[in-house]
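For the record, the sequence lines run as chains X and E. Heads up, the working numbering is the position in the first sequence plus 2, with the first residue counted as 1. Heads up, the working numbering is the position in the second sequence plus 2, with the first residue counted as 1. In this text, a Cβ means the ideal position worked out from N, Cα and C, and glycines have one as well. Please read these numbers as outputs of a predicted model, since none were measured by experiment.
Protein chains: 2
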Amino acid sequence: MSAAENIELKPIGFVKTKAIGKEVKNKGNVSEIVFREDLAEALEGIEDFSHLFVIFWMHKISKEERKTMKVHPRGRMDMPLLGTFSTRTPYRPNPIGLTMVELLDVEKNVLTVRGLDAFDGTPVLDIKPFDKKDVAEDAKVPEWWMKLEKER
Amino acid sequence: MSAAENIELKPIGFVKTKAIGKEVKNKGNVSEIVFREDLAEALEGIEDFSHLFVIFWMHKISKEERKTMKVHPRGRMDMPLLGTFSTRTPYRPNPIGLTMVELLDVEKNVLTVRGLDAFDGTPVLDIKPFDKKDVAEDAKVPEWWMKLEKER
Numbered sequence: 003m004s005a006a007e008n009i010e011l012k013p014i015g016f017v018k019t020k021a022i023g024k025e026v027k028n029k030g031n032v033s034e035i036v037f038r039e040d041l042a043e044a045l046e047g048i049e050d051f052s053h054l055f056v057i058f059w060m061h062k063i064s065k066e067e068r069k070t071m072k073v074h075p076r077g078r079m080d081m082p083l084l085g086t087f088s089t090r091t092p093y094r095p096n097p098i099g100l101t102m103v104e105l106l107d108v109e110k111n112v113l114t115v116r117g118l119d120a121f122d123g124t125p126v127l128d129i130k131p132f133d134k135k136d137v138a139e140d141a142k143v144p145e146w147w148m149k150l151e152k153e154r
Numbered sequence: 003m004s005a006a007e008n009i010e011l012k013p014i015g016f017v018k019t020k021a022i023g024k025e026v027k028n029k030g031n032v033s034e035i036v037f038r039e040d041l042a043e044a045l046e047g048i049e050d051f052s053h054l055f056v057i058f059w060m061h062k063i064s065k066e067e068r069k070t071m072k073v074h075p076r077g078r079m080d081m082p083l084l085g086t087f088s089t090r091t092p093y094r095p096n097p098i099g100l101t102m103v104e105l106l107d108v109e110k111n112v113l114t115v116r117g118l119d120a121f122d123g124t125p126v127l128d129i130k131p132f133d134k135k136d137v138a139e140d141a142k143v144p145e146w147w148m149k150l151e152k153e154r
């Protein structure tokens with residue numbers, strides 16, 4: 003496979019939410035992930051996890067926006083100008099979203115989750131069980147990042 | 003966008019590692035992520051993070067393997083038969099890998115990382131800064147999962 007080749011994915015499902023605009027950023031939001039019906043079987047056992055990673059496609063990002071190389075985090079001019087990969091901006095070459103959510107309910111091909119910051123109709127690419135053993139306790143982040151965290 | 007539509011991604015770079023076969027699972031492995039040269043600018047500021055999420059495309063998984071609906075975790079028959087989304091199996095509709103790695107070094111368009119369980123030549127789709135505040139301290143996992151964790 004060469005760098006010129008493209009990778010094709012098909013959504014496994016779509017996000018359903020009443021939140022609009024900036025409301026989707028609210029960590030308390032409850033959304034549904036409606037899976038393709040042919041994939042319901044692949045969800046068996048998911049109810050035994052309390053948290054999941056959701057990997058989704060930020061479909062509202064345009065081709066032009068995908069070419070962005072640098073941003074001020076959250077568009078704030080008091081923040082340093084940084085490479086897009088050093089931030090969580092949706093303006094990135096492959097606008098893939100990654101969010102840890104709480105799993106509230108499972109009904110056939112529909113998962114109800116809390117904390118998914120994705121718009122209604124967002125294509126979902128994959129989900130993975132979350133385990134806190136996956137994560138670094140001693141992770142270091144830059145000062146600008148901590149400043150933004152504190153303001154949340 | 004309808005469920006029938008496909009999503010096209012272009013790799014942002016590729017994994018370079020000397021590890022082969024099962025060696026890639028070794029958490030101590032050091033690999034490189036060689037980014038496309040046109041994306042070097044988008045890495046500015048990444049050196050201030052100690053850990054990253056790497057999202058990659060498990061390119062060795064065949065079209066047939068992507069149709070897998072159920073697996074025994076790690077192929078072990080003493081484990082329950084579960085839906086693929088309830089496991090970390092690479093046999094999933096969109097074989098996307100997600101791994102937290104330690105960032106060791108940055109040189110222009112090349113990141114050196116520890117803990118990336120991906121084969122040489124694996125296309126990388128995205129990277130994201132890791133922050134432990136993203137994760138749930140109280141996450142629950144099933145018994146079979148804990149059993150496998152203990153055996154690591």
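- Proximity to E/Glu-66 across E/Gly-99, E/Pro-13, E/Arg-94 peaks at E/Arg-94, based on C-alpha coordinates.
- The beta carbon of X/Lys-18 sits closer than 7 Å to those of Ser-33, Glu-34, Val-36, Asp-122, all from its chain and outside the five residues before and after it, given in chain order.
- Listed along the chain, the chain E residues whose CB falls inside 7 Å of the CB of X/His-53 are Ala-138, Ala-141.
- Annotated three-state conformation of X/Pro-75 is helix, per DSSP.
- Within the stretch 57 to 113 of chain X, the beta strand (DSSP E) runs of at least 3 residues that lie entirely inside it are, in chain order, 98 to 109.
- Per DSSP, E/Leu-118 lies in no alpha helix (DSSP H) and is assigned neither H nor E.
- The residues Pro-13, Ile-14, Gly-15, Phe-16, Val-17, Ile-35, Val-56, Phe-58, in chain order, have a CB closer than 7 Å to that of E/Val-126 in the same chain once the five nearest residues on each side in sequence are set aside.
- If the five residues before and after X/Met-60 are omitted, its C-beta is found closer than 6 Å to the C-beta atoms of Pro-92, Pro-97, Gly-99, all from its own chain and listed in chain order.
- For E/Val-137 against X/Val-137, the beta-carbon gap comes to about 5 Å, under 8 Å, which counts as contact.
- In the DSSP assignment, X/Glu-25 forms no beta bridge with any residue.
- With a threshold of 8 Å between beta carbons, E/Asn-111 makes no contact with chain X.
- In this model, X/Asp-140 and X/Glu-43 are separated by some 38 Å (Cα to Cα).
- Between E/Asn-31 and chain X, the shortest Cβ-Cβ separation is not below 8 Å.
- Looking at the DSSP output, E/Asp-128 shares a beta bridge with E/Ile-57.
- Distance from X/Gly-30 to X/Arg-116 at the Cβ level is roughly 7 Å; contact confirmed, criterion being Cβ atoms closer than 8 Å.
- Nearest C-alpha to X/Lys-134 among X/Glu-153, X/His-53, X/Glu-10, X/Lys-27: X/His-53.
- Take the alpha-carbon of E/Ile-9 and the one of X/Met-102: they are about 22 Å apart.
- For X/Leu-106 against E/Phe-87, the beta-carbon gap comes to about 16 Å, at or over 8 Å, which does not count as contact.
- Secondary structure of X/Ile-48 (DSSP, three-state): helix.
- The straight-line gap separating the alpha-carbon atoms of E/Pro-75 and E/Pro-82 is approximately 7 Å.
- Taking the Cα positions, X/Leu-84 is about 22 Å away from X/Lys-62.
- Around the beta carbon of E/Asp-40, fewer than 16 other beta carbons sit within 10 angstroms, so the residue counts as exposed.
- For E/Glu-153, the enclosing alpha helix (DSSP H) has its first and last residue at 145 to 153.
- Apart from the 5 residues on each side of it in sequence, E/Ala-21 sits with its Cβ closer than 6 Å to the Cβ of Asn-31 in its chain, given in chain order.
- Close to E/Leu-118, with beta-carbon spacing below 8 Å, lies no residue of chain X; the smallest spacing is near 13 Å.
- Within the DSSP secondary-structure output, X/Lys-18 pairs in a beta bridge with X/Glu-34.
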